[in-house]
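K.L.:
First, the structure itself, so that you have it in front of you.
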Amino acid sequence: MGSKLKIVLASTSPRRKELLEELYVDFIVVEPVSEETSTDSNPRKRVIENAEAKAKSISNRYSDALIIGADTIVYLEGEVLGKPSSPDEAVKMLEMLSGKIHSVFTGIAVLDATKNKLVSGSDETRVNFKKLDPKTIREYVGSGEPMDKAGAYAIQGDAGSFVECIDGSRSNVIGLSLELLTELVTKFLS
39 MGSKLKIVLA STSPRRKELL EELYVDFIVV EPVSEETSTD SNPRKRVIEN
89 AEAKAKSISN RYSDALIIGA DTIVYLEGEV LGKPSSPDEA VKMLEMLSGK
139 IHSVFTGIAV LDATKNKLVS GSDETRVNFK KLDPKTIREY VGSGEPMDKA
189 GAYAIQGDAG SFVECIDGSR SNVIGLSLEL LTELVTKFLS
């Protein structure tokens, strides 16, 4: 019988770490060497390419592990909204999202570094935002919460009240679709 693979999350996102902990698996967190580098205009391709790059970027150091890479973007009317670089950019993003339906795409790559076997995929969740008044946006941005989040909001935080409804996985909006991750890991077991 073979030894159990070590699981490595190639991400410094505290939200991804919290989500993976919900699966009750032992894992370690390692900062990926590669960050978001894909500029593909197709949001699904972009998040998959970025997730794969993150997983591969640490495979030399963790050649005995199952490595999970992930990337999340918000997509509205043909435009990718990543993490805001300034409070002003966060305000602009939230103004764009206000009263509209947008998509959140997360790509996940699972790399078995012992066999150099990679499986990846993406998930999309549609999010319907309420109309936000300028004061609410300014106060939210002033809290600092949106500054390290794709699309400048955290559905699991104060911005949860901005959401009328979602169609799809809530964990996907947070940054790691547990449903997709389970599906990808299952491919290794079959």
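Each residue of the sequence shown is one higher than the one before, starting from 39 at the first, in the numbering used here.
Glycine included, every Cβ here is placed at the ideal spot set by N, Cα and C.
Cutting at 7 Å between CB atoms, please list the residues of its own chain near residue 138, excluding the five before and the five after it.
P.N.:
114, 167
K.L.:
How would you call residue 143, buried or exposed, if buried means at least 16 neighbouring beta carbons within 10 angstroms?
P.N.:
buried
K.L.:
Can you check which of these residues, 68, 111, 116, is closest to residue 98 by C-alpha distance?
P.N.:
68
K.L.:
For the alpha helix (DSSP H) that contains residue 226, what are its first and last residues?
P.N.:
216-227
K.L.:
Residues in the same chain with beta-carbon distance under 6 Å from residue 209, minus the five sequence neighbours each way, listed in chain order, please.
P.N.:
Listed in chain order, the non-local C-beta contacts of residue 209 below 6 Å within the same chain comprise 57, 215, 216, local neighbours out to five positions each way being set aside.
K.L.:
Sorted by chain position, which residues of the same chain lie with C-beta nearer than 7 Å to residue 64's C-beta, five sequence neighbours on each side aside?
P.N.:
45
K.L.:
Assign residue 40 to buried or exposed, taking buried as 16 or more other Cβ atoms, counted over all protein chains shown, within 10 Å of its Cβ.
P.N.:
Reliability of the predicted coordinates at residue 40 is poor, the pLDDT of 46 falling under 50, and the value obtained from them is presented with this limitation in mind. Classification for residue 40: exposed.
K.L.:
How big is the Cα-Cα spacing for residue 103 and residue 147?
P.N.:
13 Å
K.L.:
Roughly how far, in whole angstroms, is the beta-carbon of residue 133 from the beta-carbon of residue 175, given that I think they are within contact range, below 8 Å?
P.N.:
Residue 133 to residue 175, Cβ: 6 Å. Contact.
K.L.:
Give the range of the alpha helix (DSSP H) segment to which residue 129 is assigned.
P.N.:
125-135
K.L.:
Candidates 177, 204, 206, 213: which alpha carbon is nearest residue 196's?
P.N.:
177
K.L.:
Does the separation of the CB atoms of residue 206 and residue 152 fall below 7 Å?
P.N.:
Pairing residue 206 with residue 152 gives a Cβ-Cβ distance that is not under 7 Å.
K.L.:
Exposed or buried, what is residue 66 when buried is set at 16 or more other beta-carbons lying within 10 Å of its beta-carbon?
P.N.:
Counting C-beta atoms within 10 angstroms of its own C-beta, residue 66 has fewer than 16 neighbours from the protein chains shown and is therefore classed as exposed.
K.L.:
I need the boundaries of the beta strand (DSSP E) containing residue 144, first residue and last residue.
P.N.:
Taken as a continuous stretch (DSSP letters only), the beta strand (DSSP E) holding residue 144 covers 139-150.
K.L.:
Just how far apart, CA to CA, sit residue 72 and residue 186?
P.N.:
Taking the straight line joining both Cα atoms gives about 17 Å.
K.L.:
Can you name, in chain order, every residue of its own chain whose Cβ lies under 6 Å from the Cβ of residue 190, other than the five neighbours on each side?
P.N.:
If we look at residue 190 and ignore the five residues flanking it on each side, its Cβ neighbours are 122, 128, 131, 132, 184.
K.L.:
Taking buried to mean at least 16 other C-beta atoms within 10 Å of its own C-beta, is residue 226 buried or exposed?
P.N.:
With a 10 Å radius around the Cβ and a threshold of 16 neighbouring Cβ atoms, residue 226 comes out exposed.
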